[in-house]
Amino acid sequence: MTRARQFSDSQASLFAHDEAPALAVEGARPLPSYLRDHRARLRERFLAGGADALPDYEMLELVLFRAIPRRDVKPLARALLEAFGDFSGVLSAPPARLQEIPGIGDAVVTELKIVEAAAHRLARSRVLQKQVVSSWEALLDYCQTAMAHRDTEQFRILFLDRKNVLIADEPQARGTVDHVPVYPREVVKRALELNASALILVHNHPSGDPTPSQSDIDMTMQIQLAADALGITLHDHLVIGRSRELSFRSEGLL
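Per our numbering, residue 12 is the first one in the sequence shown, and the count goes up by one each step.
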């Protein structure tokens, strides 16, 4: 049996049994046949074609099945998308805002946040300890996954060694919806502690527009001056918007 077939069979087994605990605990009648058949068809399509075979609302249904095993979750999936825009927006939404949607409780929030955490961890594993030049697209994907849907600004620093391998990724500050405090001295101090030779700065714009502000430009210049004084290279500053990112290097700002 091939590894792909083994993986598929494992997934199918997991899907097949995910409602058994609910039946055992509740001792209730089984799911209506139309719901049972709908769930089976969605799972089969996912196993056969992956995420590309399903629109966002059906992907959400798959996640919600495990949290709400006894009800039709399609209306709830559509309500979440209406409130938060797309699949990523739902996963990234703060728990308090998720629970404002009727029908969303702790079980649903937990399932959504598990999927979000798994996505972040997978995206991060594809860039950490990798040579940045050869994994630039993966790096941009990771930054989008981690930051694009945050509702406040966050400033992160990617620390690179002499071979431009990413050795650390650390959030340095969190701010408000339109400002995050950054201290150049602390940035270069941390680079020296990690024995980093180069930096990439990353922060998000909750507004969705990655156009840098004048304060973004001024802060970047201050960090560049501090880094240059210590022989540390500032490769780029990426501003992450909802659907795209802006590179200071590409825009001629560095």
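The beta-carbon is built from N, C-alpha and C at its ideal position, and this holds for glycine as well. All of these numbers come straight from a predicted model, not from anything done at the bench.
When you compare only the Cα positions, how much space is there between residue i and residue j?
{"i": "V309", "j": "V176", "result": "The question about residue 309 has no answer here: the residues shown for the chain are numbered 12 through 265."}
{"i": "L265", "j": "F259", "result": "6 Å"}
{"i": "H173", "j": "W147", "result": "Inspection of the sequence shows that residue 173 is occupied by Arg rather than by His. Rounded to the nearest angstrom, the two C-alpha atoms are 17 Å apart."}
{"i": "I79", "j": "R56", "result": "20 Å"}
{"i": "I211", "j": "P86", "result": "42 Å"}
{"i": "S261", "j": "G252", "result": "16 Å"}
{"i": "T244", "j": "D97", "result": "37 Å"}
{"i": "G100", "j": "D48", "result": "28 Å"}
{"i": "M158", "j": "L169", "result": "14 Å"}
{"i": "V120", "j": "I112", "result": "11 Å"}
{"i": "Q233", "j": "L75", "result": "47 Å"}
{"i": "Q142", "j": "T156", "result": "19 Å"}
{"i": "H216", "j": "Y45", "result": "44 Å"}
{"i": "L171", "j": "V144", "result": "11 Å"}
{"i": "R161", "j": "A64", "result": "27 Å"}
{"i": "G268", "j": "A88", "result": "This structure cannot settle anything about residue 268, because the visible part of the chain is limited to 12 through 265."}
{"i": "D83", "j": "R77", "result": "12 Å"}
{"i": "Q235", "j": "L58", "result": "48 Å"}
{"i": "A209", "j": "S136", "result": "20 Å"}
{"i": "D247", "j": "E204", "result": "20 Å"}
{"i": "R81", "j": "D67", "result": "21 Å"}
Considering just the uninterrupted stretch of the alpha helix (DSSP H) at residue i, what are its terminal residues?
{"i": "V74", "result": "67-78"}
{"i": "I228", "result": "225-240"}
{"i": "I125", "result": "117-136"}
{"i": "A107", "result": "106-109"}
{"i": "A202", "result": "195-204"}
{"i": "E281", "result": "In this structure the chain extends from 12 to 265, so residue 281 is not present and cannot be described."}
{"i": "L46", "result": "44-60"}
{"i": "S103", "result": "98-103"}
So residue i and residue j are supposed to be a Cβ contact under 8 Å. How far apart are they, rounded?
{"i": "H128", "j": "V138", "result": "One point to set straight first is that residue 128 is Ala, not His, in the sequence displayed. About 17 Å; that fails the 8 Å criterion."}
{"i": "R154", "j": "V193", "result": "It should be pointed out that residue 154 corresponds to Cys in this sequence rather than to Arg. Going by Cβ atoms, the distance from C154 to V193 rounds to 17 Å, so no, they are not a contact pair."}
{"i": "R167", "j": "P182", "result": "5 Å"}
{"i": "E256", "j": "L151", "result": "6 Å"}
{"i": "V199", "j": "L241", "result": "6 Å"}
When we look at the beta-carbon of residue i and count the other beta-carbons within 10 Å, is it buried (16 or more) or exposed?
{"i": "E164", "result": "buried"}
{"i": "N206", "result": "exposed"}
{"i": "A62", "result": "exposed"}
{"i": "R196", "result": "exposed"}
{"i": "D227", "result": "buried"}
{"i": "A237", "result": "buried"}
{"i": "L109", "result": "buried"}
{"i": "D229", "result": "exposed"}
{"i": "L249", "result": "buried"}
{"i": "S254", "result": "exposed"}
Residue range of the beta strand (DSSP E) that residue i falls in?
{"i": "V144", "result": "Premise fails: V144 is in no beta strand (DSSP E) and is neither H nor E."}
{"i": "R167", "result": "165-171"}
{"i": "R212", "result": "The sequence given here places Leu at residue 212; Arg does not occur at that position. Taken as a continuous stretch (DSSP letters only), the beta strand (DSSP E) holding L212 covers 209-215."}
{"i": "E256", "result": "256-258"}
(Q) Three Cβ pairs or more, each shorter than 8 Å: is that satisfied between the region 86-97 and the region 60-78? (A) Cβ pair count under 8 Å is three or more, so yes.
(Q) Whether or not the region 47-66 and the region 100-107 are in contact is what I'm after, with contact meaning three or more pairs of Cβ atoms, one per stretch, closer than 8 Å; do they touch? (A) A contact between stretches requires three or more CB pairs, one per stretch, nearer than 8 Å, and the region 100-107 fails this requirement with the region 47-66.
(Q) Is it the case that the region 218-231 contacts the region 111-125, given that we only count it when at least three CB pairs across the two stretches are under 8 Å? (A) No, they do not touch.
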